[in-house]
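Read through the structure below, which is laid out as structure tokens, and then see the notes.
Protein chains: 2
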Amino acid sequence: MYDDLKYWYLRDHKLFKTLSFGDIKQLCIITGFKKAKKGEIIYFSASDVPRIFLLKKGNIKIVAVDEDGNESIKDIIQKGDLFGELGLESDNESNEYAKVLSDDVAICSFLLSDFEDLLLRNPNLALSYTKFVGLKMKRIKNSYSNLISKDAKTRLSLFLKDWAEREGVASGSTIVIENYLTQNDIAQIICTSRQTATQLLNEMESNGLISYNRKEIILKDIYKF
Amino acid sequence: MYDDLKYWYLRDHKLFKTLSFGDIKQLCIITGFKKAKKGEIIYFSASDVPRIFLLKKGNIKIVAVDEDGNESIKDIIQKGDLFGELGLESDNESNEYAKVLSDDVAICSFLLSDFEDLLLRNPNLALSYTKFVGLKMKRIKNSYSNLISKDAKTRLSLFLKDWAEREGVASGSTIVIENYLTQNDIAQIICTSRQTATQLLNEMESNGLISYNRKEIILKDIYKF
DNA sequence: TGGGTTTTGCAAGCTAGCGGACAAATAGCT
DNA sequence: AGCTATTTGTCCGCTAGCTTGCAAAACCCA
Numbered sequence: 072m073y074d075d076l077k078y079w080y081l082r083d084h085k086l087f088k089t090l091s092f093g094d095i096k097q098l099c100i101i102t103g104f105k106k107a108k109k110g111e112i113i114y115f116s117a118s119d120v121p122r123i124f125l126l127k128k129g130n131i132k133i134v135a136v137d138e139d140g141n142e143s144i145k146d147i148i149q150k151g152d153l154f155g156e157l158g159l160e161s162d163n164e165s166n167e168y169a170k171v172l173s174d175d176v177a178i179c180s181f182l183l184s185d186f187e188d189l190l191l192r193n194p195n196l197a198l199s200y201t202k203f204v205g206l207k208m209k210r211i212k213n214s215y216s217n218l219i220s221k222d223a224k225t226r227l228s229l230f231l232k233d234w235a236e237r238e239g240v241a242s243g244s245t246i247v248i249e250n251y252l253t254q255n256d257i258a259q260i261i262c263t264s265r266q267t268a269t270q271l272l273n274e275m276e277s278n279g280l281i282s283y284n285r286k287e288i289i290l291k292d293i294y295k296f
Numbered sequence: 072m073y074d075d076l077k078y079w080y081l082r083d084h085k086l087f088k089t090l091s092f093g094d095i096k097q098l099c100i101i102t103g104f105k106k107a108k109k110g111e112i113i114y115f116s117a118s119d120v121p122r123i124f125l126l127k128k129g130n131i132k133i134v135a136v137d138e139d140g141n142e143s144i145k146d147i148i149q150k151g152d153l154f155g156e157l158g159l160e161s162d163n164e165s166n167e168y169a170k171v172l173s174d175d176v177a178i179c180s181f182l183l184s185d186f187e188d189l190l191l192r193n194p195n196l197a198l199s200y201t202k203f204v205g206l207k208m209k210r211i212k213n214s215y216s217n218l219i220s221k222d223a224k225t226r227l228s229l230f231l232k233d234w235a236e237r238e239g240v241a242s243g244s245t246i247v248i249e250n251y252l253t254q255n256d257i258a259q260i261i262c263t264s265r266q267t268a269t270q271l272l273n274e275m276e277s278n279g280l281i282s283y284n285r286k287e288i289i290l291k292d293i294y295k296f
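As they're listed, the protein sequences go chains G and H. Mapping of the first sequence onto our numbering: residues 72 to 296, in sequence order. Mapping of the second sequence onto our numbering: residues 72 to 296, in sequence order.
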């Protein structure tokens, strides 16, 4: 019964659509499953055996701590996203943890080595997975070039637009986003200081572009972003 | 005979080490081969069928042109590197070209679709390739976090160190790099203005850290970087 | 309901580094 | 050798956005 649950959690991810019933069963045997509540911190990498994680429910942020102890947001992971050692190579230097942003989350995970075996036995999955990693790479490249050539205001606009497209609920050209990020989080994502982010958000609000509060962000007209 | 040449060009790339003789022959049938000289510009993507390229000899830079016509260096490709649609998904929006930096280059290429077939038939290659893409991604992530948290001077140091490790010829703690980049190129790679790059390089030279000219860069003591 | 914690708002000085301008040096070409 | 194009060196004004510092507002939970 519990195994069945895990089965379905994996089954409905698009990446695993191509797998046979047996293959998923196999992966399920070694699947871990975990729930956590808002604010909890989940450590991975480093100490533990390398794993791939699949976020089934909720949102988390991946935070990296550098040599000097500074924390920076590496990624925001949403329902359905894979995270962890996506490159299939364990890098021990990186010191990261995940923090739960939504009320609660459900995460499944499997060992990197087992996942590799699965890829070897399923060329189609391997190809899909490669494209998936490629897509992740393209995203990062895009953030990188934005950081180089666009100012903070533009980066904020682009981020809001992207966020709205990924998670927003539209009614006409107005989009409502459930806001589970603090202004500090947003600032880190668009690579600016908290103060600048605050200032820009207020500016957008007084220009009538958005309506902002701690619960939700409303983009009045998505076409203006 | 010409086919044999192409065979060897592919054969000695570490990614293709696991392939059987027959597999490579197969890939060779559809392999393109091309030579070019310094300063030449090679267009790819967009107009053409999507391809993966393998630089067999020399150096090139990948330059992207954005909507406003600004050019920016996306990547420096060296002997043995793959480039092109590495994510295996053709993106038409991107407008890029390659410019030859070394005296001459040799490039082989194969169609994306043929490469995909090959991956499907060779799970081991697929896995290696995924790791290779993952590694590329890790590099970009690293540049990104450098850009966020390090100043121009530090980024220049890190870049020189990295360059030296990849291509430099060491004698003791001194490393000599063949310099095929202009200061403008270097500036773009470390994401700063040409003026700042010039100033920083001269500063490092007068501090005795490096010795710079258009032909070569000598890092006096790699441990100081 | 009240006290502590986290988040947001606002002001002002400061600085890294951009960008324009121009001259000198070097490379490339015929 | 001479001419042109490219690259490098330098100076300097300007500004986006970082930092420091503090206060108000919202949230959390016992």
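The beta carbon of each residue, even a glycine, is placed where N, CA and C say it ideally should be. Quick caveat: nothing in here was measured; it's all calculated off a predicted structure.
Sort the options by Cα distance to residue i and report the nearest one.
{"i": "K295 of chain G", "options": "G:T253, G:D146, G:D233, G:L218", "result": "G:D233"}
{"i": "Q270 of chain H", "options": "H:N166, H:K224, H:C262", "result": "H:K224"}
{"i": "V247 of chain H", "options": "H:F181, H:E238, H:N255", "result": "H:E238"}
{"i": "Y114 of chain H", "options": "H:S180, H:G158, H:D152, H:D174", "result": "H:S180"}
{"i": "I289 of chain G", "options": "G:S228, G:M208, G:L183, G:I260", "result": "G:S228"}
{"i": "E156 of chain H", "options": "H:F186, H:P121, H:S173, H:D137", "result": "H:P121"}
{"i": "E301 of chain G", "options": "H:K108, H:S216, H:K106", "result": "Here chain G comprises residues numbered 72 to 296, so residue 301 of chain G is not present and cannot be evaluated."}
{"i": "F230 of chain G", "options": "G:D174, G:I257, G:Q266, G:G140", "result": "G:I257"}
{"i": "V204 of chain G", "options": "G:D152, G:E287, G:K105", "result": "G:D152"}
{"i": "L252 of chain G", "options": "G:R265, G:S244, G:T245, G:G243", "result": "G:R265"}
{"i": "K145 of chain H", "options": "G:M275, G:S244, G:K212", "result": "G:K212"}
{"i": "K286 of chain G", "options": "G:M275, G:D222, G:N250, G:G279", "result": "G:N250"}
{"i": "I178 of chain H", "options": "H:A135, H:N195, H:F186, H:F154", "result": "H:F154"}
{"i": "R226 of chain G", "options": "G:S214, G:A235, G:E236", "result": "G:S214"}
{"i": "A235 of chain H", "options": "H:G110, H:F186, H:I281, H:L86", "result": "H:I281"}
{"i": "F186 of chain G", "options": "G:N273, G:K108, G:G103", "result": "G:G103"}
{"i": "S143 of chain H", "options": "H:C262, H:L272, H:N284, H:Y283", "result": "H:C262"}
{"i": "R210 of chain G", "options": "G:L86, G:I147, G:L272", "result": "G:I147"}
{"i": "G110 of chain G", "options": "G:V134, G:F87, G:N195", "result": "G:V134"}
{"i": "L86 of chain H", "options": "H:L272, H:N273, H:L196", "result": "H:L196"}
Residue j and residue i - do their beta-carbons sit closer together than 8 Å?
{"i": "Q254 of chain H", "j": "A241 of chain H", "result": "no"}
{"i": "L218 of chain H", "j": "V176 of chain H", "result": "no"}
{"i": "T201 of chain G", "j": "L159 of chain H", "result": "yes"}
{"i": "K112 of chain G", "j": "K170 of chain G", "result": "Position check: residue 112 of chain G holds Ile in this sequence, whereas Lys was assumed. Cβ distance < 8 Å, so I112 of chain G and K170 of chain G count as in contact."}
{"i": "I131 of chain H", "j": "L172 of chain H", "result": "yes"}
{"i": "G129 of chain G", "j": "K105 of chain G", "result": "no"}
{"i": "S244 of chain G", "j": "D174 of chain G", "result": "no"}
{"i": "L198 of chain G", "j": "L191 of chain H", "result": "yes"}
{"i": "M208 of chain G", "j": "M208 of chain H", "result": "yes"}
{"i": "S220 of chain H", "j": "N278 of chain G", "result": "no"}
Open item on the list: Give me the subset of the stretch 200–230 of chain G whose CB atoms are less than 8 Å from a CB atom of chain H, sorted by chain position.
Closed with: Answer set for the stretch 200–230 of chain G: Y200, T201, K202, V204, G205, L206, K207, M208, K209, I211, K212, S214, Y215, S216, L218, I219, S220.
Task: the stretch 154–171 of chain H / the stretch 159–174 of chain G touching (three or more Cβ pairs under 8 Å) - done: They do not touch, by the three-pair rule.
Open item on the list: To test your reading of the DSSP string, which unbroken beta strand (DSSP E) runs of 3 or more residues are found completely within the stretch 101–143 of chain G?
Closed with: If we require 3 residues or more, the beta strand (DSSP E) runs fully inside the stretch 101–143 of chain G come out as 103–108, 112–114, 122–128, 130–136.
Task: 3 or more residues per run - each beta strand (DSSP E) lying fully within the stretch 159–199 of chain G - done: DSSP runs (the beta strand (DSSP E)) wholly in the stretch 159–199 of chain G: 167–171, 175–182.
Open item on the list: What are the residues in the stretch 114–144 of chain H lying within 8 Å of chain G by C-beta distance?
Closed with: Under the 8 Å Cβ criterion, the stretch 114–144 of chain H contributes A135, D137, N141, S143.
Task: Within 8 Å of chain H by C-beta, residues of the stretch 162–189 of chain G in sequence order - done: Identification of residues in the stretch 162–189 of chain G having a C-beta nearer than 8 Å to some C-beta of chain H yields D162, E187, given in sequence order.
TODO: At 4 residues or longer, and completely inside the stretch 241–292 of chain G: list those alpha helix (DSSP H) runs for me, N to C.
DONE: For secondary structure counted as the alpha helix (DSSP H) over 4 or more consecutive residues, the stretch 241–292 of chain G holds these complete runs in sequence order: 254–260, 265–277.
Task: Members of the stretch 243–259 of chain H near chain G, C-beta cut-off 8 Å - done: Within the stretch 243–259 of chain H, no residue has a Cβ that lies closer than 8 Å to any Cβ of chain G.
Task: Contact residues within the stretch 151–162 of chain H, judged by C-beta distance below 9 Å to chain G - done: Here the close residues are E156, L157, G158, L159, E160, D162.
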